[in-house]
Each structure stands twice: as C-alpha cells, then as structure tokens.
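Below is one structure, written out as structure tokens; comments come after it.
Protein chains in written order, with the numbering used here: chain A, 1 to 283; chain F, 284 to 574; chain C, 575 to 853.
Structure representation (structure tokens):
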C-alpha cells in the first residue's frame with residue numbers, strides 16, 4: 001500500500017470534514033448577526049411610548065407602533081378565520097378519504113400554491129377584493145394572509161393525521177361509529193396537538209409577511225375602527241420606516257423588528273421544543 | 284375542500300392574465316425583450332427585471348448551494364448528535380425570520396459593510412473582471428444576491444438533510460467495508476446516491492429565490508438597468524411590483540405590472556413544479572414543513 | 575469424553591468456563607487470533623469474552639440462534655463497530671500478528687486487509703458493474719486503465735461472474751439479478767485482495783440456486799483467502815466450512831472442526847442446537 005497516497009487520502013478526509021463543518025457554522029452566522037443587531041438596536045429604541053402610542057406625523061420625534069401591533073393581531077385573527085377551517089378540512093380530506101388520483105393532484109396543487117411568491121398573492125387579492133371594494137381594507141389583508149395559510153395548514157394537518165395509527169380508525173369503525181364521526185372525534189382529537197402546532201407555525205409565518213399587505217391592508221397611521229378601512233401591520237410599518245429618510249423612524253423600525261422577531265422566534269422555538277418530545281428525533 | 288386548491292390556482296392565473304390584457308395586447312413579446320421602462324412615456328419593457336431576477340438568484344445559488352449541501356453533509360454524516368440538533372434548530376429559526384427584518388438588517392448593517400469592506404476588497408483583488416468594476420454604492424446586485432442566499436440556505440439545507448438521511452445505511456457500510464475514509468464514503472455512497480434529490484432541493488431553493496421580495500427590494504437599489512458589474516444597483520420582477528404598484532396611475536402602467544406578475548408567476552410555478560417532481564421519488568411527503 | 579485429550583474444548587459447562595481458542599487437529603497458520611473479545615452497546619453486553627483462532631485458507635463458520643452475537647462478532651473483526659458511537663469493544667484481535675485494535679492502527683487500513691460481504695447485496699447503484707468492482711482499487715490510488723481492467727476481470731472470474739457480465743461491464747449494477755448482485759459484491763470485496771473475507775449470511779436473501787452458486791464459489795475462494803462466514807443455516811455450515819464455532823447468548827460455547835461439531839459435539843448445548851432441539 002502506498003503510504004504517501006494514503007497520507008493524501010487522510011489529508012483530503014480531514015480537509016473535507018473541516019470544510020463541511022465550516023459550511024455549517026457559516027450558514028448560521030447570519031442568524032447570529034441578525035439577532036445581535038436586532039437586539040442591540042431594538043432594545044435601545046423600545047420604550048413605553050413605543051407600545052402605546054400612535055405614529056407621530058412625519059418629522060416629529062417620538063410616537064410608537066401601537067396600532068401596527070394591534071393591526072397585526074387583527075389581521076391574524078381574520079386570516080385564521082379563513083385559513084384554519086379551509087386548511088384543516090383540506091388536510092382531513094387528504095389523509096382520510098380514498099380518492100387517490102384526486103389526492104395526488106390536490107397535494108401537488110397545494111405545493112404549487114406554497115411556491116407562489118407572496119407579492120403575487122397581494123396582486124391577486126388586490127384584483128379580487130380591493131378593486132371591487134374600491135379601497136384597501138383589513139378584510140383584504142386578512143383574506144390574503146388567510147389564503148396563504150391554507151396550503152401550509154393543509155399539508156401539516158395531513159402529515160399529522162397520517163401519523164395517527166390506523167388501528168384507532170379501525171377500532172372505531174368496528175364499533176359501528178360513522179366515518180365522519182370517527183374522523184372528528186377520534187382521529188382529529190388524537191392529532192389535535194400536532195394540528196394546533198401546524199396552525200401556530202402557519203400564523204407565525206404569515207405574521208411576518210409584508211409584500212402581500214402592501215396593496216391590500218396598505219397601512220394606516222391611526223387605529224383601525226372599521227374592517228373595511230386600511231389597517232396598519234407590524235411588518236408593513238417596519239418596511240415603511242426602514243426605507244424612509246428619518247433617523248427616528250429607523251430607530252423605531254428596529255424596535256418593531258425586535259417585537260416581530262421575538263414573537264416569531266418564541267412561537268417557533270416553543271412549538272418545536274414541544275413537538276420534539278413526541279417524535280424521537282435523530283440528526 | 285380540495286377543489287378550493289384548484290379553484291385558487293385558476294383564479295390566480297386568471298386574474299393576472301386578465302389584469303395584463305392592456306399591455307399584452309399593446310406590446311406582445313416585446314414586453315419581455317425591451318429594456319425600456321418608462322412609465323411617463325408609457326413604454327414598458329421587462330428585460331431589466333428579468334435580468335435582475337435571474338442574476339440575483341444566480342448569485343444566491345452560487346453562494347447558497349455549496350454552503351447548504353456542505354451543511355447538510357455535516358449535519359447528517361459528521362457532526363455529533365447534540366451539535367447536529369442544535370444547528371438544525373438554528374437553521375429552522377433562520378428560516379422563520381421574516382423577510383422584512385432581514386431586509387432591515389441588510390440596509391443598515393450589511394450594505395454599509397459591503398460598501399466599506401467587501402466591495403472595495405473584491406475590486407482590489409478581482410477588479411480585472413467586469414463583474415467587479417464600477418462605482419460602489421453598497422446597494423447592489425451583489426447585496427441582493429447575498430441576502431437571497433441567506434434566505435434560501437435553510438430551505439436547501441433542510442431538504443438536503445432529509446434526502447441524505449434517507450440514503451440506506453447499507454450503502455455506507457459497503458463503502459466503509461472497502462476501506463474508504465469518511466469523506467470517501469460520503470462521496471461514493473451518499474452523495475452520488477442522493478444526486479437527484481439534492482438537485483431537487485436546489486431547484487426548490489431557486490423557486491424561493493425567484494419570488495423573494497422584501498429583503499431584496501431593500502438592498503438591491505431598485506434601478507432598472509442592465510449592467511455587467513455586480514456593484515451596480517439592480518431591480519427584480521418582484522421588487523418592481525412591490526415598489527410601483529401603488530403608484531401606478533394609468534391603466535397601462537397597472538397592466539404592465541400585472542404582466543410582470545404573470546411572468547413571475549409562470550416562472551416560479553414551473554421551477555417549483557420541477558423541484559417537486561424531482562423530490563417525489565424520495566419517500567414521504569417531503570416539503571410541508573419546509574414550504 | 576475421549577475428546578478431552580486432543581480437543582481443546584473443555585467439558586460441557588457453558589457458563590463459568592468458556593470454550594478456548596485453538597482449532598482442533600493442529601492445523602497450519604492462523605489468520606486471526608481473537609482473545610477475550612467483548613462488545614457492548616451502552617449497558618447491553620452482546621459479546622462476552624470470546625476467544626478463538628481462525629485458521630488461514632480455510633472456511634470457518636459461526637453458527638448460533640438469532641441474537642447470539644454472530645454478526646456482532648464478525649463486525650468486530652473489521653472494526654465496523656467504530657462507526658457506532660455507543661459501541662465499546664474490548665479484547666484483542668490479531669491479524670497475522672498485527673493487533674487490530676492497537677494504538678495508532680487505522681480502521682481504513684484494516685478494512686483493506688479484511689473485506690466484508692453483507693447479508694443484503696449492496697452494489698453502488700450509481701456506478702456500472704465494472705466501476706463497482708474497481709472502486710476499491712481506485713480509492714487506493716490505482717489509475718492505470720489497463721491494470722484496473724486486468725484486476726477487474728480477475729475479481730469477476732474469481733467471483734464466478736465474469737462469463738455473465740463480460741459483455742456488459744458498463745451496464746448499471748442494479749440491472750443484475752439478486753444472486754448476480756451478491757456475486758458482484760463479492761468481486762468488489764475481492765478486488766482489493768484482502769487477506770480475510772468476512773461474510774455475513776451472504777446467501778440468506780437468495781433463492782436455492784443462487785445460494786448453491788455462492789457456496790461453490792466460497793469453496794473455490796478458500797484456496798486464496800481466509801473466509802469467516804456467519805450463517806443461521808446449519809446445513810450450509812456443515813456443507814461448506816472446515817471449522818465451526820457455536821455462539822450462544824454472546825458466548826463461545828464450542829469450537830472445533832465442522833465434522834466434530836456436527837457429528838460428536840463435546841457440549842450438550844451444541845448438540846441440542848445442531849440437532850434442532852432449539853434455535
């Protein structure tokens with residue numbers, strides 16, 4: 001055996017392993033950087049006013065993003081009204097019923113929808129809702145976010161339902177319980193935690209979406225009192241402030257980013273930690 | 284409920300097509316080949332945006348693919364279990380960061396860094412290439428590419444990881460039994476076996492890259508020009524729609540933007556469909572948590 | 575028993591005294607010397623202090639009921655347990671004098687000298703038949719096409735596969751039948767010219783015809799290689815091997831020539847197993 005060549009192989013082995021490790025570390029560096037800067041700049045800018053006040057007119061210092069934060073919650077509520085029933089029932093259909101061909105196409109369709117850029121959703125809902133209503137509104141914003149949630153929730157619901165052992169269904173059916181009842185009371189109930197997880201993750205996902213809201217919810221400097229009016233949302237506000245020329249607004253954009261990032265991170269981490277006990281994970 | 288899905292797809296396509304009617308009729312194919320974007324004079328050519336989308340996505344792939352595949356290899360083959368789980372959690376977190384926050388960081392942290400350190404450095408070292416010449420503003424095609432790369436690394440890495448994990452252990456054992464080193468085992472038994480799936484993962488990342496809007500808009504400069512230099516500002520299909528839709532005053536202007544949306548939709552749907560088809564051969568409904 | 579004087583195997587008491595090493599009927603050189611080999615996975619001790627000598631240029635069969643540690647034993651011989659983080663290997667294994675688990679000894683080097691064929695054939699699907707055979711050689715730096723082709727043909731001939739694939743060496747490996755794939759894996763293992771070939775139930779996934787071909791192959795191979803084969807098929811062990819070791823619950827119960835083990839075993843447990851009273 002050629003020892004020099006063998007040494008070369010050992011070196012290559014060591015080198016490639018080192019490169020792979022470097023890749024992995026490099027891949028998460030941006031995460032660390034983003035968190036660091038958002039924390040650094042955001043903490044400095046967050047104060048009581050930020051959470052309670054409305055934006056001040058352009059040029060004036062101070063003010064807050066209270067309406068944006070409330071607006072985000074309003075929009076998420078509307079979105080859930082649309083997304084959860086449709087998504088969950090779609091997921092149930094995919095996992096429980098027979099029609100194989102239709103299911104394949106539906107899954108494919110859901111995947112296609114998942115790949116549609118968020119800005120396109122905004123354009124379509126603009127044409128469907130904003131134009132007929134002759135104005136931007138919370139409805140439009142809620143609808144677009146809800147539509148985006150549907151394919152996400154469908155797939156996660158389906159996956160979770162598929163994990164419920166077939167034995168449960170068979171036992172129930174053997175007892176003479178009707179299929180729809182079996183599904184609702186037994187299968188879904190067993191998988192409920194997973195379904196809720198999927199919904200929370202979808203909510204976290206659309207909470208951060210800006211592009212589709214640009215021409216549906218549009219944004220608002222005041223509180224939204226009527227769902228047919230434009231409404232502020234946190235990511236939208238962050239965007240508008242960030243690209244503005246005002247220092248104070250930049251500062252507030254960081255604070256808003258901190259609030260949004262914390263919200264999204266907390267939901268994601270807690271959901272993933274909770275589900276890690278259920279499914280034995282290996283790297 | 285399932286019909287919702289189809290209805291939705293049809294509606295999306297229809298609305299975009301319908302909205303683009305004016306410019307479809309007026310410009311036809313010239314829309315895609317002209318680089319004249321002049322709303323004032325009602326001249327609309329989408330070429331700069333197509334160029335911008337392709338180049339920024341291209342840069343993103345060049346950066347992200349080696350990084351992601353390397354990461355996936357590390358996570359599945361080489362890392363101790365605890366480290367693998369921690370890094371995977373970090374990747375999932377990175378995937379969850381909203382685009383606008385990444386864009387915010389991009390504007391105020393990454394772009395100045397590019398302007399003051401990376402770009403002059405690149406110009407110094409590689410300035411003989413036309414890609415690295417010209418004035419440096421910070422906001423640039425390069426910035427857009429980098430930020431898209433950051434966004435697609437988690438997707439490509441996690442799908443690749445699933446694929447590598449599904450390679451049967453027996454293949455690895457066969458290679459080890461021949462006296463192969465760890466890297467050689469990975470190369471022979473794992474990576475070649477998983478080639479098709481990895482390619483699918485990359486295409487999936489590309490699909491995401493093409494449609495990325497907010498973070499890109501915030502760092503790419505938003506100038507509809509076609510330039511050879513990576514330091515020059517650019518403009519993508521998604522960005523122009525985001526920026527100019529609410530300002531589109533005339534019917535033709537709006538229609539042009541609709542048509543750009545149509546082009547974007549067509550391209551992303553095709554790319555995503557291709558990716559899903561490639562990934563279908565791997566067991567299980569790959570894609571739901573990642574989508 | 576009269577065996578006691580010549581046989582190294584101690585009288586039947588499997589628990590406190592374990593069967594010891596040397597093969598019966600004083601043979602030639604010993605390929606592998608194994609002393610007090612123990613393997614644990616976490617808290618679970620799978621192999622307990624096994625000692626035996628594997629003679630060179632002979633076929634040694636390892637038999638025993640499922641879960642008795644046969645495969646674990648085999649894999650300890652080419653350091654495959656190094657790949658399992660929870661595994662702990664104690665004891666000594668010497669290949670023609672070289673201590674395999676010694677400090678500074680690299681598994682990669684060991685596995686070139688000790689090859690392995692697995693229960694389920696595992697040719698590399700992305701490579702052609704020819705490439706599968708030569709991969710081991712190429713990994714070790716052999717580049718000249720002529721030499722590679724010669725060694726490939728040599729291995730395929732030794733594996734009794736050459737006639738069937740000579741005209742389609744570029745075809746994908748998976749285009750072969752199950753039995754052919756297994757012979758391909760054997761050829762692949764033989765190409766790097768190992769000194770010992772370990773076979774973990776190589777024919778268990780194959781039909782009787784294919785199994786017969788593999789058995790004939792093994793009988794041919796023992797002229798040039800030392801073969802250790804794990805099998806749960808006792809008839810196969812009786813047909814093919816020169817020496818047989820009976821493992822039960824991780825311990826070596828009895829070891830001797832195949833004739834002795836099957837016709838007049840010294841140990842009651844061995845006799846019960848080979849006559850089919852349990853297992």
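We put the beta carbon where it would ideally sit given N, CA and C, even for glycine.
Is there a Cβ of chain C sitting closer than 7 Å to that of residue i, yes or no?
i	result
residue 283/A	For residue 283/A, the predicted model reports a pLDDT of 41, less than 50, meaning its position is unreliable and no value from the coordinates is stated.
residue 508/F	no
residue 5/A	yes
residue 329/F	no
residue 375/F	no
residue 475/F	yes
Could you say which of the options lies nearest to residue i if we only look at CA atoms?
i	options	result
residue 396/F	423/F, 371/F, 417/F and 372/F	423/F
residue 223/A	37/A, 171/A and 71/A	71/A
residue 206/A	26/A, 239/A and 145/A	145/A
residue 171/A	162/A, 158/A and 187/A	187/A
residue 355/F	400/F, 555/F, 401/F and 484/F	484/F
residue 273/A	372/F, 315/F and 519/F	372/F
residue 437/F	370/F, 411/F and 557/F	370/F
residue 149/A	269/A, 76/A, 250/A and 38/A	76/A
residue 676/C	694/C, 657/C, 688/C and 653/C	653/C
residue 221/A	30/A, 68/A and 169/A	68/A
Report yes if the C-beta distance between residue i and residue j is below 7 Å; otherwise report no.
i	j	result
residue 446/F	residue 477/F	yes
residue 235/A	residue 122/A	no
residue 453/F	residue 696/C	yes
residue 607/C	residue 662/C	no
residue 306/F	residue 493/F	no
residue 800/C	residue 770/C	yes
residue 811/C	residue 660/C	no
residue 271/A	residue 197/A	yes
residue 496/F	residue 9/A	no
residue 507/F	residue 320/F	yes
Does any residue of chain F have a CB that is nearer than 7 Å to the CB of residue i?
i	result
residue 707/C	no
residue 31/A	yes
residue 188/A	no
residue 710/C	yes
residue 237/A	no
residue 220/A	no
residue 682/C	yes
residue 596/C	Low per-residue confidence applies at residue 596/C: pLDDT is 48, beneath 50, and the placement is therefore not dependable enough to give any value.
residue 13/A	yes
residue 700/C	yes
residue 57/A	no
Answer yes or no: does any C-beta atom of chain A fall closer than 7 Å to that of residue i?
i	result
residue 715/C	yes
residue 369/F	no
residue 599/C	Low confidence applies here, because residue 599/C scores a pLDDT of 41, under 50, leaving its location unreliable; read the following figure in that light. Output row for residue 599/C: interface = no.
residue 398/F	no
residue 298/F	yes
Give the interface partners of residue i over in chain B, defined as CB-CB distance under 9 Å, in chain order.
i	result
residue 766/C	Absent from the structure: chain B. Protein chains present are A, F and C.
Using only the heavy atoms of the ligand FMN, determine whether one of them is closer than 6 Å to the beta carbon of residue i.
i	result
residue 42/A	Because no ligand of any kind appears in the structure shown, any question about the ligand FMN cannot be addressed here.
I'd like the ranges of any beta strand (DSSP E) spanning at least 3 consecutive residues and lying wholly in the segment 756-840 of chain C. 770-774, 800-804, 817-822 and 825-831
Decide if the segment 9-20 of chain A is in contact with the segment 226-240 of chain A; the criterion is three or more beta carbon pairs, one per stretch, under 8 Å apart. no
The segment 517-526 of chain F in contact with the segment 293-310 of chain F per 3-pair CB rule at 8 Å: These segments do not touch.
Could you check whether the segment 461-479 of chain F touches the segment 427-441 of chain F, counting it as contact only if at least three pairs of C-beta atoms, one from each stretch, sit closer than 8 Å? no
Whole runs of the alpha helix (DSSP H) within the segment 645-687 of chain C, excluding any shorter than 4 residues: 681-687
Measuring CB atoms only, is the segment 118-133 of chain A touching the segment 176-195 of chain A, in the sense that at least three cross pairs come out at less than 8 Å? no
So does the segment 419-433 of chain F actually touch the segment 503-515 of chain F, counting three or more Cβ pairs closer than 8 Å? yes
Give a yes or no on contact between the segment 621-639 of chain C and the segment 745-752 of chain C, applying the rule of three or more CB pairs nearer than 8 Å. no
Is the number of C-beta pairs between the segment 838-848 of chain C and the segment 813-825 of chain C that are closer than 8 Å three or more? yes
Stretch-stretch touch, CB-based, cutoff 8 Å, three pairs: the segment 151-169 of chain A with the segment 89-105 of chain A: yes
Output the residue ranges of the alpha helix (DSSP H) runs that lie fully inside the segment 141-220 of chain A and measure 4 residues or longer, sorted by chain position. 166-174 and 189-207
Within the chosen definition, does the segment 36-49 of chain A reach the segment 382-392 of chain F through at least 3 CB pairs nearer than 8 Å? Pairwise C-beta distances place the segment 36-49 of chain A in contact with the segment 382-392 of chain F, as three or more of them are shorter than 8 Å.
Inter-stretch contact at 8 Å, needing at least 3 Cβ pairs: the segment 163-183 of chain A / the segment 101-112 of chain A: no
At 3 residues or longer, what runs of the beta strand (DSSP E) sit wholly inside the segment 72-150 of chain A? none
Cβ contact check for the segment 400-416 of chain F and the segment 319-328 of chain F: 3 or more pairs under 8 Å: no
4 or more residues per run - each alpha helix (DSSP H) lying fully within the segment 427-483 of chain F: 452-460 and 465-468
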